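Before any comments, here is the structure.
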Amino acid sequence: GAGVSQSPRYKVAKRGQDVALRCDPISGHVSLFWYQQALGQGPEFLTYFQNEAQLDKSGLPSDRFFAERPEGSVSTLKIQRTQQEDSAVYLCASSLGIAGGDTQYFGPGTRLTVL
Amino acid sequence: DAKTTQPPSMDCAEGRAANLPCNHSTISGNEYVYWYRQIHSQGPQYIIHGLKNNETNEMASLIITEDRKSSTLILPHATLRDTAVYYCIVWGRYGGSNYKLTFGKGTLLTVNP
């Protein structure tokens, strides 16, 4: 079946621009996660949604980062006024149940490069 | 912080078994051992998980020691496509904020022809 999809796969932004990254989770998955992966490092948690509710945004690095999941399926991660340190791969994952009780399945990621 | 220790890199000959070790000496009784891998330019791919019994699926086998302080992921017949970074993650699936996966740096497995 269809897995987690993300778009765009690659995004180049000039410093100061706003970007929006999209995640389509596996159909029916209640939980959705965003992770950030810097070059040469493992992914790091950003935020967690249970349906449309954002229950944890403790990993978002600054108030320039904003995530939403208004209808409990598709999610968008928005970064305002991008900075060079925002360059990374942004990964989305989804799981069937709530509160992380099930295996997380990852999408291919969006590689963001800020010039 | 990651609760696991893995060698930074390993090599394996194509067709041979790849045995990837992981130490997790501080694992709690309700924490699972999960393995993911990440092939270059792709997202992490789930491989297998276990609590205390050995597990096997179509991708790999997971051997967990009786004291649960270490485990080994076994790829029985490695192919070139198995070249990837392998992450061992200790994860308490239920309760609190345990939905966060904490990745370390993993092991870069290189399968050689």
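Going line by line, the protein sequences match chains A and B.
Be aware that the first sequence starts at 1, since it is given in the numbering used here, and climbs by one per residue.
Be aware that the second sequence starts at 1001, since it is given in the numbering used here, and climbs by one per residue.
A virtual CB, placed ideally from N, CA and C, is assigned to each residue, including glycine.
The structure presented is a predicted model; accordingly, all values stated were derived computationally and were not measured.
query                                                                                            : result
Opposing strand residues paired with L1062 of chain B [DSSP bridges]                             : B:E1055, B:L1073
E44 of chain A, DSSP secondary structure in three states                                         : strand
Euclidean distance between Cα positions of Q1045 of chain B and F65 of chain A                   : 26 Å
Cβ of T103 of chain A within 8 Å of any chain B Cβ                                               : yes
Chain-ordered neighbours of P25 of chain A on chain B, where CB pairs are closer than 8 Å        : Chain B residues near P25 of chain A: none, gap ~13 Å exceeds 8 Å.
Within chain B, partners of S31 of chain A - CB distance below 9 Å                               : Y1099
Beta bridge counterpart(s) of N1112 of chain B as assigned by DSSP                               : B:A1013
P1044 of chain B at chain A interface by Cβ criterion, 8 Å                                       : yes
Cβ-based burial, Y1086 of chain B [other Cβ within 10 Å; buried from 16]                         : buried
Short CB-CB distance (under 8 Å) between Y1087 of chain B and chain A                            : yes
Interface flag, Y48 of chain A vs chain B, CB-CB below 8 Å                                       : yes
Limits of the unbroken beta strand (DSSP E) element including E68 of chain A                     : 65-68
Any C-beta of chain A under 8 Å from that of G966 of chain B                                     : Because chain B spans 1001 through 1113 in this model, residue 966 of chain B falls outside it and cannot be assessed.
Minimum Cβ-Cβ distance from H1049 of chain B to chain A less than 8 Å                            : yes
Coarse secondary structure for D1082 of chain B, derived from DSSP in three states               : helix
Presumed contact (8 Å Cβ cut-off) between Q54 of chain A and T47 of chain A, rounded CB distance : 6 Å
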